[in-house]
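Undergrad: The listed protein sequences correspond, in order, to chains P and E. If you use this note's numbering, the first sequence closes out at 240, no skipped numbers anywhere. If you use this note's numbering, the second sequence closes out at 1240, no skipped numbers anywhere. The beta-carbon is built from N, C-alpha and C at its ideal position, and this holds for glycine as well. Treat the numbers as computed from the prediction; the structure is a model and nothing was measured.
There are 2 protein chains.
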Amino acid sequence: MNTSVLPNINTDLVEMAPHFQFAHSVDCVIFGYDKGVLNVLLIESDHPDYRGQWSLLGDLLRPNEDLDAASYRVLRERTGLTDMFLEQVKTFGEVDRHPAGRVITTAYLSLVNVRDHQLKSIDNALQWRSVNDIDTMAFDHKMILDACLAVLKRKIQEEPIIFNLLEKKFSLRNLQLVFEQILGMSFDRRNFRKKLFTTGLLVDQGEMERNVKHRPGKLYSFNREAYDQIKKKSFVGLQF
Amino acid sequence: MNTSVLPNINTDLVEMAPHFQFAHSVDCVIFGYDKGVLNVLLIESDHPDYRGQWSLLGDLLRPNEDLDAASYRVLRERTGLTDMFLEQVKTFGEVDRHPAGRVITTAYLSLVNVRDHQLKSIDNALQWRSVNDIDTMAFDHKMILDACLAVLKRKIQEEPIIFNLLEKKFSLRNLQLVFEQILGMSFDRRNFRKKLFTTGLLVDQGEMERNVKHRPGKLYSFNREAYDQIKKKSFVGLQF
DNA sequence: ACAAAAGTGTTGCTGGTACACCCATGT
DNA sequence: ACATGGGTGTACCAGCAACACTTTTGT
């Protein structure tokens, strides 16, 4: 009995040939936050079975491309961004998930801030859609989106990735709004501030908001160096 | 410009053919707990490049098989178990990860208890190895094992999956030992008891340990129904 | 003046941690 | 009798939740 994970290289190659018939793709679930709303970047599908429905940004994996590299490429090609948060979430491999054949896809979660880096409008079929407004999507993409949303909710409480959604300098109010938006809860302002300050991850930028029609708030930035230090010694979570 | 995730079915099939050349596999990281040690079920590789090294239990995905179904099949075929905890963890898709060609693999985490269900010894190359004794493995399997261990550490604090490692009836001592073993910490016995009891997830079975050479402890079981109820309303975590 | 949000402290409660003694069983 | 772990309660401390008023800016 052959006990290896794969048949030996020495065994008849014909035996293995039928296995090398899968296609693999990556799909990027790109979240952005704008004016109080959590958005996801979508494109209208022009696949005949799903024409006009919303679809995630993805592409087929190339024969000599690492999986992670492919997701990075998709993000770069579609948005022009090159230095964003990007992390693998889950792989979807149902037999019938794609009409074109056996395509297995790996979903990636990405967080970008739309202000600092303006999107290249290479492709005007691209659109930011509020995650709350999305009911149906092409393929199994709604399921993929939901999986990524669940992971997002978990991860913002485990690691300080939420800052990727904001500009480098942000007000505490905005930070709180993003948390509230994603988690679907609301927090007491004073307690939220205390909690965030005691993490030691925020740096007062000595600047104020501009052009707001109320008392301007201080601007802060995320101190990544401090985070890297603290994390070595202890868990740094923001459990709500 | 073609904006769909995949080329249309109508476009030249020749265009897509080069993409359907990947193989896909699943690898199961099967953890078991026995006499104070966290083990993982491994097999000696007989792939020429890695002969004699330890390898995870895996197999190639079949053309008409769902991804999850494949992991389930591997577990069933190798261990004879059919009703175990099994969950997808991560997909590894480096170009050169497998000598036989472009094989992408999805890792699954599985927890089994060795006592309740005796392993079929179909295959005597199978062996339980202490996770602490494993340094190198075939392919990229050490990396996969490490990823699954990290996920295991996280998940036992988020969901009551740890009970899958124990027999149906277990002593609090054993439960605590499994936690300590996996997390690499030790806890105060009284505080551990209080914490577990206040979850409301343990049922006193009215039975005692047998054949222990000290005062026998009470046996408890995990109350899944209670968990399902509680979980609907609130988060049920066991943060340590 | 009004509207909108910024900024700020205290109190009570809850949950975690630290800690020591007697009990039941096998040898 | 001894060794091994089972079983139990309390006191302290830290972190969380609840809560209201004054300040700054734009209109």
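Residue 1184 of chain E CB to nearest chain P CB: under 8 Å?
TA: The residue labelled residue 1184 of chain E in the question sits at position 184 within the second sequence. No, residue 1184 of chain E lies away from the interface with chain P (no Cβ there is under 8 Å from its Cβ).
Undergrad: Mind checking if residue 1040 of chain E is an interface residue toward chain P, Cβ cutoff 8 Å exclusive?
TA: Within the second sequence, the letter at position 40 stands for residue 1040 of chain E. Not one chain P Cβ lies under 8 Å of residue 1040 of chain E.
Undergrad: What is the DSSP secondary structure of residue 82 of chain P, reduced to helix, strand or coil?
TA: The residue you call residue 82 of chain P lines up with position 82 of the first sequence. Reduced to three states, the DSSP call for residue 82 of chain P is coil.
Undergrad: So which of P:194, P:48, P:129, P:139 has the shortest CA-CA distance to residue 31 of chain P?
TA: Reading the first sequence from its first residue, position 31 is the one you call residue 31 of chain P. The shortest Cα separation from residue 31 of chain P among P:194, P:48, P:129, P:139 belongs to P:129.
Undergrad: Could you pull the DSSP bridge partners for residue 1204 of chain E from this structure?
TA: Start at 1 with the first residue of the second sequence, and residue 1204 of chain E comes out as number 204. DSSP output for residue 1204 of chain E lists E:1220 as bridge partner(s).
Undergrad: Residues of chain P with CB closer than 7 Å to the CB of residue 1090 of chain E, please, in chain order.
TA: Within the second sequence, the letter at position 90 stands for residue 1090 of chain E. Chain P residues near residue 1090 of chain E: 88.
Undergrad: From the beta carbon of residue 5 of chain P, is the nearest beta carbon of chain E less than 8 Å away?
TA: Translated into positions along the first sequence, residue 5 of chain P becomes position 5. Legend: pLDDT at residue 5 of chain P = 47, less than 50; position of this residue unreliable, value from coordinates given subsequently. By this cut-off, residue 5 of chain P is an interface position.
Undergrad: Cutting at 7 Å between CB atoms, please list the residues of its own chain near residue 1049 of chain E, excluding the five before and the five after it.
TA: As a position in the second sequence, residue 1049 of chain E is number 49, starting the count at 1. So the list reads 1099, once near-sequence residues are dropped.
Undergrad: Helix, strand or coil, according to DSSP, for residue 47 of chain P in the structure here?
TA: For the purposes of this step, residue 47 of chain P is identified with residue 47 of the first sequence, where counting begins at 1. Here residue 47 of chain P sits in coil by DSSP.
Undergrad: Cα-Cα, which of P:43, P:103, P:96 is closest to residue 78 of chain P?
TA: Locating residue 78 of chain P in the first sequence gives position 78, counting from the first residue. Ranking the options by Cα distance to residue 78 of chain P, first place goes to P:43.
Undergrad: Could you confirm whether any beta carbon from chain P is found closer than 8 Å to the beta carbon of residue 1160 of chain E?
TA: Counted from its first residue, the second sequence places residue 1160 of chain E at position 160. Judged by the 8 Å Cβ criterion, residue 1160 of chain E is not in contact with chain P.
Undergrad: How long is the line joining the alpha carbons of residue 1216 of chain E and residue 1173 of chain E, rounded to whole angstroms?
TA: Position 216 of the second sequence, counted from the first residue, corresponds to residue 1216 of chain E. Position 173 of the second sequence, counted from the first residue, corresponds to residue 1173 of chain E. For residue 1216 of chain E and residue 1173 of chain E, the distance between alpha carbons rounds to 11 Å.
Undergrad: In the DSSP assignment, the alpha helix (DSSP H) including residue 1059 of chain E goes from what residue to what residue?
TA: On the second sequence, residue 1059 of chain E is found 59 positions in, with the first residue counted as 1. Per DSSP, residue 1059 of chain E belongs to no alpha helix (DSSP H); it is in the beta strand (DSSP E), 1057-1060.
Undergrad: Determine the burial state of residue 91 of chain P: buried for a count of at least 16 other Cβ atoms within 10 Å of its Cβ, exposed for fewer.
TA: If you number the first sequence from 1, residue 91 of chain P lands on position 91. The residue in question, residue 91 of chain P, is buried, as its Cβ has 16 or more Cβ neighbours within 10 Å.
Undergrad: What residue ranges within the stretch 1109-1177 of chain E form continuous alpha helix (DSSP H) runs of no fewer than 4 residues, ordered along the chain?
TA: Runs found: 1141-1155.
Undergrad: For residue 52 of chain P and residue 153 of chain P, I'd like the C-alpha separation in whole angstroms.
TA: Numbered from 1 along the first sequence, position 52 holds the residue referred to as residue 52 of chain P. Numbered from 1 along the first sequence, position 153 holds the residue referred to as residue 153 of chain P. Taking the straight line joining both Cα atoms gives about 29 Å.
Undergrad: Helix, strand or coil for residue 191 of chain P per DSSP?
TA: The residue you call residue 191 of chain P lines up with position 191 of the first sequence. Residue 191 of chain P: helix per DSSP, three-state reduction.
Undergrad: For residue 102 of chain P, decide whether its Cβ has a neighbour in chain E, counting only Cβ atoms nearer than 8 Å.
TA: If you number the first sequence from 1, residue 102 of chain P lands on position 102. It does: the Cβ of residue 102 of chain P has a partner Cβ on chain E nearer than 8 Å.
Undergrad: Return no unless some Cβ of chain P is closer than 8 Å to the Cβ of residue 1145 of chain E.
TA: In the second sequence, the residue the question calls residue 1145 of chain E occupies position 145. Chain P contact via Cβ: absent.
Undergrad: Within 10 angstroms of the Cβ of residue 17 of chain P, are there 16 or more other Cβ atoms? Answer buried if so, exposed if not.
TA: Position 17 of the first sequence, counted from the first residue, corresponds to residue 17 of chain P. Classification for residue 17 of chain P: exposed.
Undergrad: Rank E:1177, E:1190, E:1171, E:1231 by C-alpha distance to the C-alpha of residue 1209 of chain E and give the top, closest one.
TA: In the second sequence, residue 1209 of chain E corresponds to position 209, counting from 1. Closest option to residue 1209 of chain E, Cα to Cα, is E:1171.
Undergrad: Going by alpha carbons, who is nearest to residue 1167 of chain E out of E:1074, E:1103, E:1111?
TA: Counting from one through the second sequence, the residue named residue 1167 of chain E turns up at place 167. Of the candidates E:1074, E:1103, E:1111, the one whose C-alpha sits nearest the C-alpha of residue 1167 of chain E is E:1111.
Undergrad: DSSP three-state call for residue 1100 of chain E: helix, strand or coil?
TA: Translated into positions along the second sequence, residue 1100 of chain E becomes position 100. Note: residue 1100 of chain E maps to coil in three-state DSSP.
Undergrad: On the three-state DSSP scale, how would you describe residue 180 of chain P?
TA: Along the first sequence, one-based indexing puts residue 180 of chain P at 180. DSSP places residue 180 of chain P in helix when its eight states are reduced to three.
Undergrad: With a 10 Å radius around its C-beta and 16 neighbouring C-beta atoms as the bar for buried, classify residue 1185 of chain E as buried or exposed.
TA: Counting from one through the second sequence, the residue named residue 1185 of chain E turns up at place 185. Looking at its Cβ environment, which holds fewer than 16 other Cβ atoms inside 10 Å, residue 1185 of chain E is exposed.
Undergrad: Closer than 8 Å, Cβ to any Cβ of chain P: which residues of the stretch 1018-1046 of chain E, in chain order?
TA: Taking 8 Å as the Cβ-Cβ cut-off against chain P, the residues of the stretch 1018-1046 of chain E that qualify are 1018, 1019, 1020, 1021, 1022, 1023, 1024, 1025, 1027, 1043, 1044, 1045, 1046.
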